[in-house]
Amino acid sequence: MLVVGIALRNLPAISEHLFVVKEWSVVLRRIAFVVILLRGGLSLDLDAIRRLKGACVRLALVPCSVETVVVAVAAKLVFGMDIVFGVLLGASSRYTCGFAATVLSPVVLSMTFWHENLSSIPPFFRAVLAAVSPAVVIPALLDASKAGYGVQAGVPSLVIAAASLDDVYAISIFSLALSLLFSSGTNMEMTILAAPVESLFSCFLLHVLPRNDVKNLHLIRLSLLFTFSTAILFTTIRFRVDGAGAIAVLVAAFVAGHSWKKEGPLPEEDHLANLWHLAFQSLLFGLIGFELSFDMVQSGTIFRGCLLLGIGLLFRFIASFLAVFVTTLTLRERLFVAVAWMPKATVQAALAPVVLDMARSKDGVDSTYVDYGIVIFTIAVLSILITAPVGAFLIRLATPLLLTKDENSVKFTADGENDLENDMNESAGNTL
């Protein structure tokens with residue numbers, strides 16, 4: 001759909017007769033972003049994270065942080081972008097793994113006081129490239145686990161558990177950076193205060209409503225969660241504390257999901273997955289593609305963008321390999337994890353136009369914000385077009401070459417179903 005959207009926008013015979021209202025495009029993309037945030041929050045599995053412990057956390061946080069830093073420096077050298085801040089490094093506690101907002105808030109707040117006027121500094125949003133794409137990685141890993149590749153070493157379980165955590169971490173960094181760059185000092189403080197308040201309020205309502213004996217309980221829960229989350233995101237945008245909305249939605253979805261999982265499986269996740277695959281996935285990628293006009297892209301941007309993307313991927317590959325270095329994985333299995341950690345798609349599609357939309361909508365914003373927004377948008381689209389198909393191909397190519405096949409690792413139950421595959425599919429259904 002991304003390619004279709006690009007074609008519809010840039011083929012003269014079609015673009016002359018096709019028009020998308022920009023305001024509606026922005027609204028629909030933001031609603032799709034809410035769906036991604038909800039899936040990310042609900043997908044965090046504390047049991048899996050605790051079981052895999054350090055390896056999962058390192059794989060989720062280290063490559064993302066390293067790529068953010070490297071692309072930041074490379075963007076300064078290649079595009080001449082001024083750096084507002086170095087890199088927001090995240091940490092995870094035992095109970096709030098992946099929600100960097102809690103740990104990063106003091107850092108962001110101190111930087112707010114350090115800069116007298118953040119709105120005069122060119123933007124820096126390298127976190128948009130740092131997230132892995134479960135939509136690309138998970139299907140390949142399911143096929144690998146079904147065939148018995150890497151199961152005994154726990155490679156598929158490790159990558160699946162870390163994938164959602166990686167996306168949540170990248171979105172948290174992006175949201176904080178968004179508020180840092182488009183807010184005044186007062187609004188930045190409001191962002192830090194608003195996110196936990198909104199999350200607590202939403203969690204309280206979802207805990208009280210609806211009653212457990214109501215008919216269609218899970219559907220009503222999902223409807224309330226989706227409604228509250230959409231209201232939070234648009235309200236924070238209206239009051240110019242944009243970053244607080246995304247973080248609040250993530251936290252609310254995570255806390256609500258963690259509470260609901262105590263009662264058993266979550267049909268809410270299946271309903272949300274269907275909503276994404278049947279409606280918002282095609283809508284989001286189509287609108288993203290339609291937003292990219294070749295007329296607004298300078299000739300050198302694509303080449304330099306590919307160079308920037310390549311530099312980031314190289315260091316991401318190295319960081320992913322080193323992140324699982326102190327595990328029991330073999331050298332070949334570590335290489336496979338590094339390969340599997342390269343594709344990008346869903347998160348980039350959601351975050352790519354945010355900077356450009358805000359730069360165009362905010363009053364009094366420097367014109368360089370729009371220029372940087374176009375650059376970031378273009379590079380994000382390139383990252384999807386290049387890494388998604390190439391990454392999927394490399395994962396499937398590397399599976400028999402780097403992973404050990406163990407027939408004994410695939411065990412069947414009496415009714416002929418594969419327990420391992422069922423567990424993996426359940427985990428995959430919870431990802432973005």
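Numbering (UniProt numbering), first residue to last: 1 to 432. Just so you know, even glycine gets a beta-carbon here, dropped at the ideal spot from N, CA and C. None of these values were measured; they are calculated from a predicted model.
Report task. Output the boundary residues of the alpha helix (DSSP H) element that contains residue 473. Result -> In the structure as shown, the chain starts at 1 and stops at 432, and residue 473 therefore has no counterpart that could be examined.
Query - alpha helix (DSSP H) runs contained entirely in the stretch 328–360, provided each spans 4 or more residues - result: 331–340, 346–351
Query raised in the report: Since Lys-405 sits in a beta bridge, which residues does DSSP pair it with?
Result: The residue labelled residue 405 in the question sits at position 405 within the sequence shown. Under DSSP, the beta-bridge partners assigned to Lys-405 are Tyr-149.
Report task. Could you spell out the range, first to last residue, of the alpha helix (DSSP H) harbouring Phe-226? Result -> Here residue 226 refers to the residue found at position 226 of the sequence shown. Its alpha helix (DSSP H) spans residues 217–238.
Report task. Please name the residue in Arg-9, Arg-30, Ser-25 whose C-alpha comes closest to that of Thr-235. Result -> If you number the sequence shown from 1, residue 235 lands on position 235. Of the candidates Arg-9, Arg-30, Ser-25, the one whose C-alpha sits nearest the C-alpha of Thr-235 is Arg-30.
Query raised in the report: Val-355: which of Lys-344, Tyr-369, Val-347, Thr-346 sits nearest, CA to CA?
Result: Here the question's residue 355 lines up with position 355 in the sequence shown. It is Tyr-369 whose Cα lies nearest to the Cα of Val-355.
Query raised in the report: Where does Asp-45 fall in DSSP's three states?
Result: As a working note, residue 45 is residue 45 in the sequence shown. Of the three classes helix, strand and coil, the one that applies to Asp-45 here is coil, per DSSP.
Query raised in the report: DSSP three-state call for Phe-325: helix, strand or coil?
Result: Here residue 325 corresponds to residue number 325 of the sequence shown, with the count starting at 1. Coil, per DSSP.
Requested in this report: Please classify Ser-299: is it buried, with 16 or more other beta-carbons within 10 angstroms of its beta-carbon, or exposed?
Outcome: Here residue 299 is taken as the residue at index 299 of the sequence shown, counted from 1. Burial state of Ser-299 is exposed, judged by a 10 Å Cβ sphere holding fewer than 16 other Cβ atoms.
Query raised in the report: Phe-290 lies in the alpha helix (DSSP H); which residues open and close that run?
Result: Within the sequence shown, residue 290 is the residue found at index 290, counting from 1. Annotation for Phe-290: the continuous alpha helix (DSSP H) segment containing it runs 281–291.
Requested in this report: Reducing DSSP to helix, strand and coil, say where His-17 ends up.
Outcome: Indexing the sequence shown from 1 puts residue 17 at position 17. Assigned with DSSP and collapsed to three states, His-17 falls in coil, not helix or strand.
Report task. Take the Cβ of Ala-13 as the centre, count every other Cβ of all protein chains shown within 10 Å, and call the residue buried at 16 or more, exposed below. Result -> Translated into the one-based positions of the sequence shown, residue 13 becomes position 13. Looking at its Cβ environment, which holds fewer than 16 other Cβ atoms inside 10 Å, Ala-13 is exposed.
Requested in this report: Decide if Arg-316 is buried, meaning its Cβ has at least 16 other Cβ atoms within 10 Å, or exposed.
Outcome: Taking the sequence shown and counting its residues from 1, the one referred to as residue 316 is at position 316. Arg-316 is buried by the Cβ-count criterion.
Requested in this report: Have a look at Asp-295 and Lys-344 and give me their C-alpha separation to the nearest angstrom.
Outcome: Along the sequence shown, one-based indexing puts residue 295 at 295. Along the sequence shown, one-based indexing puts residue 344 at 344. Their Cα atoms are separated by approximately 25 Å.
Query - Endpoints, the alpha helix (DSSP H) within which Ala-8 is located - result: Within the sequence shown, numbered from 1, the residue matching residue 8 stands at position 8. One detail in the question is off: residue 8 reads as Leu in this sequence, not Ala. Taken as a continuous stretch (DSSP letters only), the alpha helix (DSSP H) holding Leu-8 covers 2–10.
Query raised in the report: For the candidate residues Leu-224, Ala-144, His-258, whose alpha-carbon lies nearest to that of Asp-406?
Result: On the sequence shown, position 406 is the one that residue 406 refers to. Closest by alpha carbon: Ala-144.
**Report entry** Residue nearest to Leu-219 in terms of C-alpha spacing, selected from Val-251, Phe-174, Leu-233, Leu-275
**Finding:** Indexing the sequence shown from 1 puts residue 219 at position 219. Considering only alpha carbons, the answer is Leu-275.
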